[in-house]
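Asker: Residue numbers (my numbering): 654 to 971.
(1) Distance, Cα to Cα, residue 908 vs residue 716?
(2) Are three or more beta carbon pairs between the stretch 726 to 742 and the stretch 846 to 864 nearer than 8 Å?
(3) Determine the contact status of residue 826 and residue 911, defining contact as a CB-CB distance below 7 Å.
(4) Any contact of the stretch 806 to 820 with the stretch 838 to 850, i.e. 3+ C-beta pairs under 8 Å?
(5) Pull up the CB-CB distance for residue 920 and residue 805, whole angstroms please, since I reckon it's below 8 Å.
(6) Of the residues 740, 693, 691 and 695, which one's Cα is nearest the Cα of residue 853?
(7) Evaluate residue 752 with the Cβ neighbour count: other Cβ atoms within 10 Å of its Cβ, from every protein chain shown; 16 or more gives buried, anything less gives exposed.
(8) According to DSSP, which residues form a beta bridge with residue 931?
(9) What does a CB cutoff of less than 7 Å around residue 787 pick up in its chain, not counting 5 residues either side in sequence?
(10) Between residue 901 and residue 764, what straight-line distance do the alpha-carbon atoms span, to the nearest angstrom?
(11) Taking all protein chains shown into account, do 16 or more other C-beta atoms lie within 10 angstroms of the C-beta of residue 928, making it buried, or fewer, making it exposed?
(12) Distance, Cα to Cα, residue 714 vs residue 707?
(13) Do residue 791 and residue 758 have their C-beta atoms within less than 7 Å of each other?
(14) Looking only at its own chain, which residues have a Cβ that is under 6 Å from the Cβ of residue 888, when we skip the five neighbours before and after it?
(15) Distance, Cα to Cα, residue 722 vs residue 731?
(16) If distances are taken between C-alpha atoms only, which option among 867, 830 and 781 comes closest to residue 922?
(17) Out of 914, 725 and 906, state which residue places its alpha-carbon closest to the alpha-carbon of residue 823.
Here's what the structure looks like:
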């Protein structure tokens with residue numbers, strides 16, 4: 654057998670092996686997703702764990718009741734985001750709570766498809782338990798990860814980054830990479846930030862008391878020990894100290910990723926950093942599949958670089 658023939662056979666076997674693994678992943682991931690869907694529906698119709706806090710926040714703005722309470726992060730329906738986010742939740746609060754929960758969950762599914770690059774990849778990613786947990790509790794983790802990746806792929810996404818950073822803080826860590834490696838995003842970043850700050854000033858003028866309560870809530874949470882199922886921490890004695898330590902480490906990683914031109918590393922740092930780190934918050938890591946080099950299973954045509962987000966979209970499964 655000639656060298657060329659052996660090379661072609663080896664390539665065929667490699668591709669066949671990759672296809673078998675993908676097919677097995679589709680079956681296993683699909684089965685887990687279906688089982689999770691049944692479990693979610695059985696839990697009060699699928700209200701979710703996090704969506705009540707968003708929906709209730711919108712209701713509180715409508716009826717003028719307090720947004721914040723001095724309870725630990727793990728308290729059900731606790732609202733810990735800025736008042737401006739609650740004000741944007743007012744239209745959602747006009748919907749039935751269960752409908753809002755499912756709309757939120759559907760948006761998370763769409764964002765999962767976006768960060769993984771295809772529907773088959775999204776199904777396979779359900780094997781990763783944090784993904785199913787995030788879809789179950791209906792948090793905004795996958796939506797923020799999609800926002801980060803969108804900013805890396807398209808300069809228009811940079812307009813949204815300040816709003817995403819407002820919610821979980823972590824998305825701001827993608828800024829060093831964009832500023833150094835994607836200079837076309839600098840103008841959108843500046844304009845988006847100015848628009849966001851202007852909106853915050855309007856929000857403060859409309860509800861100054863809510864912003865004061867927000868600061869007091871942050872002060873309380875800073876002194877609250879981290880606890881709860883699946884919570885991960887470096888310093889368990891205080892939520893604020895732990896977050897500062899994790900954010901500092903992630904910032905170092907983000908700066909190095911920008912310097913080295915490692916888009917996948919910058920994405921990872923920005924997408925999983927948040928005030929309270931839980932096991933489920935690792936779900937955005939499935940988006941690293943979008944950064945795979947050309948020639949891997951599912952890559953339709955060569956990417957320009959393995960870290961180029963503009964090339965990520967060229968790796969759709971065949």
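Yeah, the Cβ is synthetic: ideal placement off N, Cα and C, and Gly gets one too. None of these values were measured; they are calculated from a predicted model.
Answerer: Straight from the coordinates:
(1) 44 Å
(2) yes
(3) no
(4) yes
(5) 7 Å
(6) 740
(7) exposed
(8) 884
(9) 761, 794, 795, 933 and 936
(10) 27 Å
(11) buried
(12) 11 Å
(13) yes
(14) 894, 895 and 898
(15) 7 Å
(16) 830
(17) 906
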